[in-house]
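Taking it in order: structure first as structure tokens, then the write-up.
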Amino acid sequence: MNKMKKIVYIAAIIFLSTSWACDDALGTKYNDTFGDEYTWTLPDVALGTLMNAYNSIPSLPNSYGNDLLDVATDNALTGTRSSSLYRFVQGGLNPTSNALGNWSLAYDQFQYIHTFMENGLGSNIKYNLSDSVRDKKIRDRSRGEAYFLRAWWGMELLKVFGGVTEDGQALGYPIITKFITEEDREEINKKTRNTYEECVLQIIADCDSAFKYLPLAYTGGDVDLGTTQEGRASGKAALALQSRAALYGASPGYQPAGSFALSTDSLQKKWERVVHLSERAITMGNLGAYTALKENMYVGNSVQQTTHAEFLFRKWSNNRTLENQNFPPLFFGQGRTNPSQNLVDAYPAKNGYPISDVRSGYNSQNPYVNRDDRFELTLFYNGKIFNSERPLEIYTQGTAKGRDAAGYDYNNTITGYYLKKFLSPIKEMLYDPSTLSAKNDYHQYPLLRRAEVYYNLAEALSELAGASGTVSGSSRTAYSIIRDIRTKNGITSTAYLDEIAAESDKEKFLLFVLNERRLEFAFENERFFDLRRRMMPLNESIRGISAEKEGTGFIYTEFVAEQRSMTDNYQYMPLPYVETLKNPNLIQNKGW
1 MNKMKKIVYI AAIIFLSTSW ACDDALGTKY NDTFGDEYTW TLPDVALGTL
51 MNAYNSIPSL PNSYGNDLLD VATDNALTGT RSSSLYRFVQ GGLNPTSNAL
101 GNWSLAYDQF QYIHTFMENG LGSNIKYNLS DSVRDKKIRD RSRGEAYFLR
151 AWWGMELLKV FGGVTEDGQA LGYPIITKFI TEEDREEINK KTRNTYEECV
201 LQIIADCDSA FKYLPLAYTG GDVDLGTTQE GRASGKAALA LQSRAALYGA
251 SPGYQPAGSF ALSTDSLQKK WERVVHLSER AITMGNLGAY TALKENMYVG
301 NSVQQTTHAE FLFRKWSNNR TLENQNFPPL FFGQGRTNPS QNLVDAYPAK
351 NGYPISDVRS GYNSQNPYVN RDDRFELTLF YNGKIFNSER PLEIYTQGTA
401 KGRDAAGYDY NNTITGYYLK KFLSPIKEML YDPSTLSAKN DYHQYPLLRR
451 AEVYYNLAEA LSELAGASGT VSGSSRTAYS IIRDIRTKNG ITSTAYLDEI
501 AAESDKEKFL LFVLNERRLE FAFENERFFD LRRRMMPLNE SIRGISAEKE
551 GTGFIYTEFV AEQRSMTDNY QYMPLPYVET LKNPNLIQNK GW
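First residue of the sequence shown: 1, per this note's numbering; consecutive thereafter.
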């Protein structure tokens with residue numbers, strides 16, 4: 001065996017963390033004195049190598065230099081001016097500095113996955129010496145996990161670095177499907193980027209292979225395929241990831257241009273593929289109906305034991321990291337994530353009308369009543385009671401400032417809002433006066449949700465057939481999906497939805513679907529990529545709200561909280577400069 005390959009094995013073994021999901025059996029110990037022949041007879045070592053590709057997936061949504069990615073969109077800003085994402089939105093993106101850069105991380109995970117595929121699935125290793133049935137279960141599950149993780153990391157690369165070049169090619173990343181030895185380096189450093197479509201097909205194929213070997217879900221008491229293994233890749237997750245890959249593959253931001261341009265018929269087939277794979281995920285994945293997101297699904301003690309059916313792939317943790325960073329300062333947090341007035345304005349009234357429509361009943365001086373349920377789930381605003389403690393004071397009264405308003409504490413919100421989504425409802429989370437200590441809480445971070453599959457399907461149906469048209473392979477319409485989602489999120493009337501569906505304006509209804517998607521996945525790190533794949537405006541000014549207390553009420557006034565400096569080339573991320581130096585065959589994305 002190649003010496004470099006052995007070194008990589010040992011490095012992987014030393015580096016691995018020892019916890020995943022709820023399965024104590026994955027807590028393993030390694031010894032780097034083992035020779036290669038012996039190493040690959042040890043099941044814990046083999047599985048530990050694969051686990052690294054899991055462990056490198058973030059456990060919390062604040063994985064971008066302690067920020068959520070929404071602060072680089074029109075959904076929010078970061079109150080931390082030293083943040084890498086603040087520099088990003090102020091024009092700091094370039095090929096040598098990219099806050100989203102995951103190129104090396106993803107290719108490192110491919111190495112772990114491929115070394116497992118090539119050495120951990122052979123006859124040289126037994127995962128259970130006494131029980132051949134259990135041995136096969138573990139082997140098949142692990143094979144499926146390896147395919148899923150390769151698809152996952154491929155998709156992560158495609159989301160960040162997929163783009164169109166100056167000459168109109170739509171390119172992804174160089175596809176690697178084997179362990180790279182030192183002898184392979186010269187050849188690999190000449191490899192070109194695969195087309196965007198080739199990358200999509202690779203991810204779809206890997207998900208097919210994963211689905212073949214993985215259990216549909218982890219249920220019951222089976223030690224290898226039961227609930228103690230929740231958190232691992234599943235058949236449901238593989239099908240949902242296929243749907244995601246297909247959606248990106250059809251999105252307008254990633255279609256070749258100029259002499260490489262696709263025909264209208266080819267683009268239609270891509271959207272039909274989204275319909276097919278999304279319906280497949282729903283039916284073969286036995287996903288069940290859409291369920292509105294609720295706080296107790298992702299935070300609180302119960303999430304340690306139970307994964308809600310809405311979460312098809314998730315990570316979980318027991319800590320107070322998000323609360324430390326995002327609670328209001330007077331509750332001992334840093335107030336880091338400031339939701340925008342732009343996002344607030346996107347939530348409709350309870351009767352379904354946008355607040356810009358007089359029929360909504362919206363009152364700009366009493367703006368937070370009778371709004372979509374997702375509004376209350378997502379953010380804190382002036383007067384909203386914080387974690388059963390007291391109403392937030394995000395207002396001024398003459399020269400006096402409320403305790404939670406900008407200027408009272410230098411970390412207080414700039415926009416007039418604080419983040420709520422994903423945060424614990426425990427009021428003494430960061431300081432308990434009775435014990436003079438802090439607390440932890442359990443968090444689940446959904447990486448693939450059932451809702452996403454329905455939204456992918458609705459977008460594709462809207463592209464192909466408008467609001468109410470049907471497409472071969474699906475009995476649903478974009479209208480029926482969005483109606484169900486809105487109803488389950490507290491919208492009391494379909495009148496406005498019916499109205500825009502009846503207009504037969506495909507573009508208008510599509511924008512409506514995309515706005516619903518924005519609300520659904522706010523602060524789940526999706527908006528950043530949705531804006532780019534749909535070629536929507538990136539450089540909107542971030543608006544905030546100020547409240548002046550007057551008598552028993554408030555006078556609310558909007559203002560510009562942050563100007564952005566993201567130029568047109570921000571549509572696509574630049575490939576890392578060091579990679580283009582090593583490999584001159586890597587064609588850079590447009591604008592870089």
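Note that the Cβ used here is the ideal one computed from N, Cα and C, for glycine as well.
Just so it is clear, the structure is predicted and the values come from calculations on it, not from any experiment.
### Query
Can you tell me whether DSSP reads V358 as helix, strand or coil?
Here V358 sits in helix by DSSP.
### Task
If I'm right that A233 touches L214 with Cβ under 8 angstroms, what's the distance once you round it to whole angstroms?
Indeed they touch by this definition, with Cβ atoms about 6 angstroms apart.
### Query
Which of helix, strand or coil does DSSP assign to S340?
Judged by DSSP in its simplified three-state form, S340 adopts coil rather than helix or strand.
### Query
Considering only C-alpha positions, which residue in the set L457, M535, L423 and S474 is nearest to Y445?
Per the Cα distances, L423.
### Message
Quick check on G79 - is its C-beta less than 8 angstroms from some C-beta in chain D?
### Response
The displayed structure is made up of one protein chain only, and chain D is not part of it.
### Query
If we count Cβ pairs, one from each stretch, closer than 8 angstroms, do we get three or more for the region 377 to 387 versus the region 254 to 264?
By the Cβ test, the region 377 to 387 is not in contact with the region 254 to 264, since fewer than three Cβ pairs between them sit closer than 8 angstroms.
### Query
Which full runs of the beta strand (DSSP E) of 3+ residues lie inside the region 122 to 146, going along the chain?
Within the region 122 to 146, no beta strand (DSSP E) run of at least 3 residues lies entirely inside it.
#### Entry: Sheet register partners of D409 (DSSP bridge)
Listed as beta-bridge partners of D409 by DSSP are A406.
### Task
Classify D372 as helix, strand or coil using the three-state DSSP reduction.
Looking at D372 - three-state DSSP - the assignment turns out to be coil, as it is neither helix nor strand.
### Message
How far does the alpha helix (DSSP H) with N319 in it extend, from its first residue to its last?
### Response
For N319, no alpha helix (DSSP H) run applies; the uninterrupted beta strand (DSSP E) run containing it begins and ends at F311 to N319, by DSSP.
### Task
Have a look at V513, Q268 and A522 and flag the residue whose alpha-carbon is nearest the alpha-carbon of S472.
Of V513, Q268 and A522, the residue nearest in Cα terms is Q268.
### Message
Any contact between the region 321 to 340 and the region 40 to 55? By contact I mean 3 or more CB pairs, one from each, below 8 angstroms.
### Response
Result no; under three Cβ-Cβ pairs closer than 8 angstroms.
### Query
Whose CA, out of L100, A458, A346 and I542, lies closest to the CA of G416?
Residue I542 is the option with its Cα nearest to G416.
### Query
Identify the residues that DSSP records as bridge partners of N94: which are they?
Note: N94 sits in a beta bridge opposite S97.
### Query
Taking Cβ to Cβ, would you say Q109 is nearer than 8 angstroms to L149?
By the CB criterion at 8 angstroms, Q109 and L149 fall inside the cutoff.
### Task
Starting from the Cα of N539, find the closest Cα among E118, E562, K549 and R533 and give me that residue.
Among E118, E562, K549 and R533, the Cα nearest to that of N539 is on E562.
### Task
Count the other CB atoms, across all protein chains shown, that sit within 10 Å of the CB of E524; report buried if there are 16 or more and exposed otherwise.
Buried, because 16 or more other Cβ atoms sit within 10 Å of the Cβ of E524.
### Query
Tell me which same chain residues have a C-beta within less than 6 angstroms of the C-beta of S565, skipping the five on either side of it?
Closer than 6 angstroms at Cβ, skipping near neighbours: Q90 and G91.
### Task
Tell me, to the nearest whole angstrom, how far the beta carbon of N351 is from that of S493; I am working on the premise that it is less than 8 angstroms.
Rounded to the nearest angstrom, the Cβ distance from N351 to S493 is 5 angstroms, consistent with a contact under 8 angstroms.
#### Entry: Residues that F554 bridges to, as DSSP identifies them
K549, per the DSSP bridge assignment.
### Message
What would DSSP say about G544, mapped onto helix, strand or coil?
### Response
Looking at G544 - three-state DSSP - the assignment turns out to be strand.
### Nonlocal neighbours in the same chain, by C-beta distance under 7 angstroms from G101, ignoring five residues either side
Excluding positions up to five away in sequence, the list reads P576.
### Task
Return helix, strand or coil for Q169, following the three-state DSSP convention.
It is coil, neither helix nor strand.
### Query
Which whole-angstrom value is the C-beta distance of R620 and R527, which I expect to be below 8 angstroms?
The requested residue 620 is not part of the displayed model; the chain covers only 1 to 592.
### Task
Answer yes if the region 583 to 592 comes into contact with the region 165 to 183, meaning at least three C-beta pairs across the two stretches below 8 angstroms, and no otherwise.
The region 165 to 183, when compared against the region 583 to 592, does touch it at the 8 angstroms Cβ threshold.
### Query
Is the beta carbon of A346 less than 8 angstroms from the beta carbon of N515?
For A346 and N515, yes; Cβs fall inside 8 angstroms.
### Task
Please state if the CB of V274 and the CB of S243 are separated by a distance shorter than 8 angstroms.
For S243 and V274, yes; Cβs fall inside 8 angstroms.
### Task
May I ask you to report which of helix, strand or coil DSSP gives K401?
Strand at K401.
### Message
I'd like the span of the beta strand (DSSP E) that includes R564, first residue to last.
### Response
No beta strand (DSSP E) holds R564; DSSP gives it neither H nor E.
### Query
For D135, which residues from the same chain have a beta carbon less than 7 angstroms from its beta carbon, with the 5 sequence-adjacent residues on both sides left out?
K126, Y127 and N128, listed in sequence order.
#### Entry: Which residues DSSP lists as bridging L379, in chain order
Answer is L419, bridged to L379.
### Message
My assumption, with CB atoms under 8 angstroms, is that T307 sits in contact with E230. Please give the rounded CB distance.
### Response
Cβ-Cβ separation between T307 and E230: approximately 5 angstroms, consistent with a contact (criterion under 8 angstroms).
### Query
Do you know offhand how far K488's Cα is from T291's?
Distance between the alpha carbons of K488 and T291: 7 angstroms.
### Query
Using the C-alpha atoms, what's the distance from M155 back to C207?
Rounded to the nearest angstrom, the gap between the Cα atoms of C207 and M155 is 11 angstroms.
### Query
Hey, quick one: how far does the alpha helix (DSSP H) through T49 stretch, first residue to last?
Segment P43 to N55, the alpha helix (DSSP H) holding T49.
### Query
Can you tell me the Cα-Cα spacing of V166 and Y572, whole angstroms?
For clarity, residue 166 is Glu in the given sequence; the question names Val instead. Near 11 angstroms, if we compare the C-alpha coordinates of Y572 and E166.
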